[in-house]
Structure formats: C-alpha cells, structure tokens
Amino acid sequence: MPKRDRWSSDEEEGDNDGLAQGRQPSSDDPLPPDASSPPSSPRPPEAAAAVAIEPPTPGLRLHNPLLHGCRSVYDSYERLSHLDEGTYGVVWKARDNSTGEIVALKQIKFDDPELTREGFPISALREIGVLLSLSHECVVTVREMVVGKSHDKVYMVMEFMEMDLQAAMTRGRGGGGMTTTTTTGSAAAGSTPFAQSEVKFMMHQILSAMSHVHDRWFVHRDVKTSNILVHRTGRIALCDFGLARKYEVPHRNMTQMVVTLWYRSPELLFGESMYGPEIDMWSVGCIFGELLIKDAIMKGTGELDQIQKIFQLLGTPTETNWPEFSSLPNAGTFKWKGRDRSELRRRFLVNSSFSVTGGQSYLDGAGFDLLSRLLTLNPRGRISAEDALGHKYFKDGVKMQAPDFFT
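Per the working numbering: the sequence shown = residues 199 to 605.
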C-alpha cells in the first residue's frame, strides 16, 4: 500500500497515474498546433533574441486556471498544522511544494445548509469576490483557489501571518507578563504598554487598510483585533471579509446584526439599517483604545449593557450632539440615566508620564483628538479613514515604528 501523505486525514487520496486515469493537462504538456492560424514567417535571429522569454524558475509549474481549472491541493501544498477555525472555514498552515514558501490554507466549510445555496456557501463567495477586488499591503491577499477530490474540498491560498493582533498584544515586549491595572480599573493584557511610536504605526496601517476598503465602496462590518493579522516584520493586515458588503450613497438598507458586540457602533445597537463606512470607523476607535491599554475598552455582556457602557464613557445623546438619534428605530425602547459629560479624557490620560507606569501607552493631545473623533456618538460627525490618515497625530511628535511581537 502506498504511503499516505499529510492530506490523508481528509480520507482522500489523489491518483498520479497520468492522463490515462483522467489527469487534467498541465502547462508542461505540449499544446497542439492551431490549424486555423496561418503559418508565421520566420523571424531573423536578432528579432528572436529581442523577444526571448526568460525560462521559468526550475521547479515552478506555469499554471493558468482559466485553461486548466484550479490546481489540486494535494499536488500543490503540504499541510503542516491546524491554525484556527471559525464559522465559515478552517485555516491550515501549509508549504508550497514548488517554492517551499509557507502559506495559509482556508478550507471553506460546507457543513451548514443555512450558509450554502446552490452548492457553495454564499459567505465564502462574497469574501472571495471582495478580496479579489482589493489590493493593498495591509489587506490579506488571496493567491489562488485550490481544490480536493470532492466538491466540498475548496481552499483559499493566502499569505501566512503568524498570529492575530489580539493574540500579539499578549506577546513580545510587554506580553506574557503579569497583568497590570490602570487607574481607571481596566486590565492591560501585558506588563508593559506599547510605545507611542508603535501604537501610531499600527493605527496608521489599520486606517490605510480601511481607507482602501472604503474607497472601493466596501464596508467590512466586523473590524476587531482578532480580524487583524500580524506578520513577523510587524506589518499588519485586515482579514475576514465574510460580512463585507458594497455600500451606496445615499445609504441603502442592510442588516444591523453585524459587528462583534464590543466593537459595534451605537447607531447599530439602536436599530439603524441604513449605514456605511462610519460603522467601521467606530470599530477602529475601539481598537485604538484597546491598543493603548491592551484590553477592550467596552466589554458589554449584551446589547443593553453595551449601550450602558458606551454612554458611561461618552455621555448620552442629546439634540445638540446627535439630532437624528430620536428617529432611530429603538431610540424609544431603552431607558437610561442622562449623562452629559464624557469620561473619555479621564479614562485615557493625555500627556501624562504616569499613564505608562499605570498601564496605558503615552497619548498626546493629537492622539486624544483622533480617538475622540473616532468614538463620536453621531455617525455623521465621525471621522473618515482618509481624513484620519491626514490627522496631525501622524505628522507631529514621535515617528512611527513597527512593533516587535516576537522577541
């Protein structure tokens, strides 16, 4: 019996007996001459040299998926280890058999009939379509699609990133140590906060990714630290576009049951169904605060508790700061105690050397201004990703520096 490889856990084995057993033609096979084309006249030697094509790197197979279909995952990649599993897929660490490069394979789940229509999960189709429309260093890329022997073995080949930002905050400098507590009672995930230059670097990359996504008329709808991946170089990339949708101006109706609760904007919590990029920018503001203290800043146990925590930190809506609030579907459903004053400045100390020893990254006045403009209750007053990139926070003060999560 032939030796089974690392894919044998799928209970599938590829056959390698060539075309006689149904192998798809590869780009290495000679192409038949085109009888319909007239013979070309011979070129002079100097012309032939001018158009000579550099031969492919040894070991690399030229493959055109339009001609030959998707490659076999068994022939192309060696599965190494399991990385993660979510609602829509299972992620594996794998090695490219041709180049030896380490990649991530996301196996699309077919086991939930509610997520599958006409044979393929809708969420996966949407994610693939969105990712193929985006091209940015801070957005995870899909290199190709590969398939197994059965219809439910479909994989997205993606760039390998070591971990997500949520896990990275507990590693590297300041990670993995004892937990500290800030003066406001928030628990920081590591013993040492990020340097101001590192927070600035990460925020600039997150905002660059968001600007690219929004410029192409997509809204992510689930921005959070576990959906941001970290590369060994310190570069970070936005991922998991399964909930992403195209948006329009003026906004059209979409479901409000999106975004993980701790990063969900107040207008969604009150039933708003006509929205756009502003819901992503609220999530980015939550991430900004999380990077400063290494802990989520509003950890509600349910929607009502999340609303309460938002109002405790930022104050309650008024006709002055959010005139349209009363028209939201659930504005009259919930009752709360009025609170006019924001506690944001008390929660995040500004220009204070004590903040570093107390478990918070140093935050200057420009940084606090950006944070407050991201965490604005009124979505119409929330800063856009493009405007945030031009904010003085990134121009003044210390220069940006990539964090080191792996020392």
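Even glycine gets a Cβ: it sits at the ideal position worked out from N, Cα and C.
Because the structure is a prediction, the values reported are computed rather than measured.
| Asked | Found |
| --- | --- |
| Whole-number beta carbon distance between A583 and L323, since they are thought to touch under 8 Å | So it is not a contact: roughly 26 Å between Cβ atoms. |
| Alpha-carbon to alpha-carbon, H418 and R462 | 12 Å |
| Pairwise C-alpha distance: T453 and S471 | 6 Å |
| 4 or more residues per run - each alpha helix (DSSP H) lying fully within the region 467-537 | 476-491, 501-512 |
| Endpoints, the alpha helix (DSSP H) within which E446 is located | Run containing E446: none; DSSP gives neither H nor E here. |
| 4-residue-minimum alpha helix (DSSP H) runs that sit fully inside the region 288-363, ordered along the chain | 320-331 |
| Inter-residue Cα distance where the pair is F468 and P527 | 6 Å |
| Counted within 10 angstroms of its Cβ, other Cβ atoms place D594 as buried (16 or more) or exposed | exposed |
| Endpoints, the beta strand (DSSP E) within which V428 is located | 426-428 |
| Cβ-Cβ distance between V338 and M356 below 8 Å | yes |
| Straight-line gap, R537 to F509 (C-alpha atoms, nearest Å) | 7 Å |
| Neighbourhood of E517 by C-beta, 6 Å cutoff - its chain only, sequence neighbours within 5 removed | none |
| Rounded C-alpha distance that separates P256 from E299 | Confidence in P256 is poor, its pLDDT being 48 and thus under 50, which makes the residue's placement unreliable; the coordinate value appears in the next sentence. Distance between the alpha carbons of P256 and E299 is about 15 Å. |
| Cutoff 7 Å; reference Q364; Cβ partners in own chain excluding five residues on either side | T423, S424 |
| Distance between beta carbons of I306 and G143, contact taken as under 8 Å | A question about residue 143 goes unanswered here, because the residues of the chain that appear run from 199 up to 605. |
| Beta-carbon proximity of L542 to L573, cut-off 8 Å | yes |
| Integer-rounded CB distance, given that P391 should sit under 8 Å from K291 | In fact, because the Cβ distance is near 30 Å, the residues do not count as touching under 8 Å. |
| Where D413 falls, given that 16 or more other Cβ within 10 Å makes a residue buried | exposed |
| Coil, strand or helix - L575 by DSSP | coil |
| Residues near S394 in its chain [Cβ-Cβ closer than 8 Å; skip 5 each side] | First, the residue type needs correcting, since residue 394 is Gln and not Ser in the sequence shown. If we look at Q394 and ignore the five residues flanking it on each side, its Cβ neighbours are S559, Y560, L561, D562, G565, G595, V596. |
| Alpha-carbon spacing of H410 relative to G588, whole angstroms | 14 Å |
| Length of the line joining the Cα atoms of F308 and D350 | 6 Å |
| CA nearest to the CA of L441, picked from T458, A435, E342 | T458 |
| D503 versus W460 - alpha carbon distance | 10 Å |
| C-alpha gap between D602 and T431, whole angstroms | 8 Å |
| Cβ pair V397, L489 closer than 8 Å | yes |
| Near the ligand SAH: L459 beta-carbon under 7 Å from a heavy atom | As far as ligands go, the structure on display features none, and thus does not contain the ligand SAH. |
| Own chain partners of A247 with C-beta closer than 8 Å, once the 5 adjacent residues on each side are dropped | Confidence at A247 is low in this model, with a pLDDT of 43, below 50, so its placement is unreliable and no value can be given for it. |
| For L441, three-class secondary structure by DSSP | coil |
| V411, DSSP secondary structure in three states | helix |
| Beta-carbon gap between P577 and E476 smaller than 8 Å | yes |
| Sub-8 Å separation of M408 and D478 beta-carbons | yes |
| Residues of its chain near K507, where Cβ-Cβ distance is below 8 Å and the 5 sequence neighbours each way are ignored | M496, K497, G498 |
| CB contact flag (L569, F532, <8 Å) | no |
| Rounded separation between L329 and K535 - CA only | 44 Å |
| L575 vs P464 beta-carbon contact at 8 Å | yes |
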